[in-house]
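Asker: Here the numbering used here is used: the first residue of the sequence shown is 31, the next is one more, and so on.
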Amino acid sequence: MLPARGLPHVSTWERRRIGEFVELHYGKALTATTRNPGTVPVFGSNGQCGWHDSALGDGPTVVLGRKGQGPLGVEWCESPFWVIDTAYYVRPTSSEISLRFFYYLTKYVGLNHLKDGTSNPSLGRDVFCRQGFPIPPREVQDRIAAVLSTYDALLENYERRIQLLDEMVRALFHEWFVDFRYPGHDRMQLVDSAIGRIPHGWRAATVDDVAFELRRGVPKGAIEHGLPCVGLEHIPRRSLALREWDELEELGSNKLRFEAGEILFGKIRPYFHKVAVAPKAGVCSADTIVINSRETLAYGFVVALVSSDDFVAHASATANGAKMPRCSWEVMGEYELAVPPDPLLKSFDAKVRVWLAEQQNLVMRIRTLRVAQALLLPRLLSGQLAVDEEEAA
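1) If you count every other CB in all the chains shown that lies within 10 Å of the CB of L411, and 16 or more means buried, which is it?
2) Alpha carbons only, please: which of G231, D276 and V240 is nearest the one belonging to I253?
3) Run the CB neighbour count on E289, radius 10 Å, all protein chains shown included, and call it buried at 16 or more, exposed below.
4) Report the residue ranges of all beta strand (DSSP E) runs contained in full by the region 135-187; include only those spanning at least 3 residues, in chain order.
5) Just how far apart, CA to CA, sit D115 and D222?
6) Assuming V120 contacts L102 (C-beta within less than 8 Å), just tell me the rounded distance between them.
7) May I ask you to report which of helix, strand or coil DSSP gives Y212?
8) Kindly indicate which three-state DSSP category T123 falls into: helix, strand or coil?
9) For the structure I just gave you, are there three or more beta carbon pairs, one from the region 306-320 and one from the region 257-271, closer than 8 Å?
10) Between A235 and L367, which are expected to be in contact by the criterion C-beta below 8 Å, what is the C-beta distance as a whole number of angstroms?
11) Please determine, among L86, V208, R324 and F295, the residue with the shortest C-alpha to C-alpha distance to W232.
12) State the beta-bridge partners of R356 as determined by DSSP.
13) Once the 5 residues before and after H264 are set aside, which same chain residues still bring their CB inside 6 Å of it?
14) Inspect the CB distances between the region 179-199 and the region 380-387 and report whether three or more fall short of 8 Å.
15) Could you check how far apart the C-beta atoms of E105 and Q78 are, in whole angstroms? I think they sit under 8 Å.
16) Considering R376, what are the terminal residues of the alpha helix (DSSP H) in which it resides?
17) Are the region 163-182 and the region 40-55 in contact at 8 Å, needing three or more beta carbon pairs?
18) Distance check for C357 and H215, CA to CA, integer angstroms please.
19) Residues in its own chain within less than 7 Å of A422 by CB, not counting five upstream and five downstream?
20) Go ahead and pull the three-state DSSP assignment for T69.
21) Take E53 and list the residues in its own chain whose beta-carbon comes closer than 6 Å to its own, dropping the five residues that flank it on each side.
22) Under 6 Å Cβ to Cβ from E364, same chain only, skipping five residues before and after it: list those, please.
23) What's the C-alpha gap between A34 and A271?
24) Helix, strand or coil: which one does DSSP assign to H264?
25) Work out the CA separation of F51 and E126 for me, nearest whole Å.
26) Between the beta-carbon of N187 and the beta-carbon of G247, is there less than 8 Å?
27) Which stretch, first to last residue, makes up the beta strand (DSSP E) that contains G312?
28) What is the rounded straight-line gap between the Cα of D74 and the Cα of P229?
29) Whose CA, out of R211, M354 and N76, lies closest to the CA of R96?
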């Protein structure tokens, strides 16, 4: 616990309108079809929504969600960025405000209560800029921001490590089982099969031969206290690490049960690439396909397979429905592939299990850090807790 240092209490901080310090600028329309591959993050009302090859502005900035039925995001961006027309980006107009402090203050207070309208509620610039807050002196702002930024730096480091582990799983799967550059491949010949040329000793199969869908229904009503409840909104895009879930006392609709280690595949709009490994047992939306391997030694192979770009593309191409396309395991299970012999499956499985365990350890660290930061945030912003420069570093 960080010690209190006797800085002025919030009651002694001057209450100021936020419009005295910052300006909100409208984003610019950029549809998904007009974006080019690049490294510039694109932000919308709920946070980052893609990438582009050119920037609307240079960072750092704070992106504020502007319209929509869902929660409005508050995002920090250090780099050049593009903000679309459902959000604002912020520019400071006074040296009296720390932009980083403004970010934490706004994130803590939130934006949803300021929205107006029913069909497409939005946040007005004037409404936001009229809001008044107790603002500490600039040096206090900088020290508060430094403490909270330390948490963010750790979180970003953990997220980068999770992303790297995702890439390692995908890369090794592609190298061994798509390009056939597995250990000892130079001693093996390719032979004809029903699905084309595959290494000698491998077998032509379908996904249904190595994996299966689990449908264990959980009726609506009371559930075990603290049991994770995973909605499609919780499953990350193109990452095996499930970071978020709710803990409910009661279910409002029927769900599916899953066990730790099973794979959750979002069946609605499968092109969103929502495929993750469950770190613990829980329940999930009925619009999720719960998958496991038929054999223990093929587990890592199945995880990498059903989360691969090629398999997700197949699920997307065979999904039914126009506005809300849904994929089905019956069709997905027909996906053809070459299955390697057991020793190679076992070797791949051992590597993937280590990487998944590391990911899940990082997820738990992230959740613990977020709770600690959430508890610290109001105490710092209220002046109840302060730190000196050495502790903030």
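Beta carbons: idealized from backbone N, C-alpha and C, even for Gly.
Answerer: In this structure, then:
1) Result: buried.
2) D276
3) When all chains shown are included, E289 counts as exposed.
4) 162-165
5) 54 Å
6) Going by Cβ atoms, the distance from V120 to L102 rounds to 13 Å, so no, they are not a contact pair.
7) coil
8) coil
9) yes
10) 6 Å
11) V208
12) I298 and N350
13) Around H264, the same chain offers E274 and W275 as residues with beta carbons nearer than 6 Å, after the five sequence neighbours per side are excluded.
14) yes
15) 7 Å
16) First, the amino acid is wrong: residue 376 is Lys here, not Arg. From DSSP, the alpha helix (DSSP H) with K376 extends over D372 to L411.
17) yes
18) 35 Å
19) Residue placement at A422 is flagged as unreliable, the pLDDT there being 43, under the threshold of 50; a coordinate-derived value is accordingly withheld.
20) Note: T69 maps to coil in three-state DSSP.
21) R121 and T123
22) T236
23) Because A34 carries a pLDDT of 33, less than 50, the predicted location of this residue cannot be relied on, and the following value inherits that uncertainty. Near 36 Å, if we compare the C-alpha coordinates of A271 and A34.
24) helix
25) 7 Å
26) No, Cβ-Cβ distance for N187 and G247 is not below 8 Å.
27) That run of the beta strand (DSSP E) goes G312 to S315.
28) Reading off the sequence, residue 74 comes out as Gly, not Asp. Distance between the alpha carbons of G74 and P229: 46 Å.
29) N76
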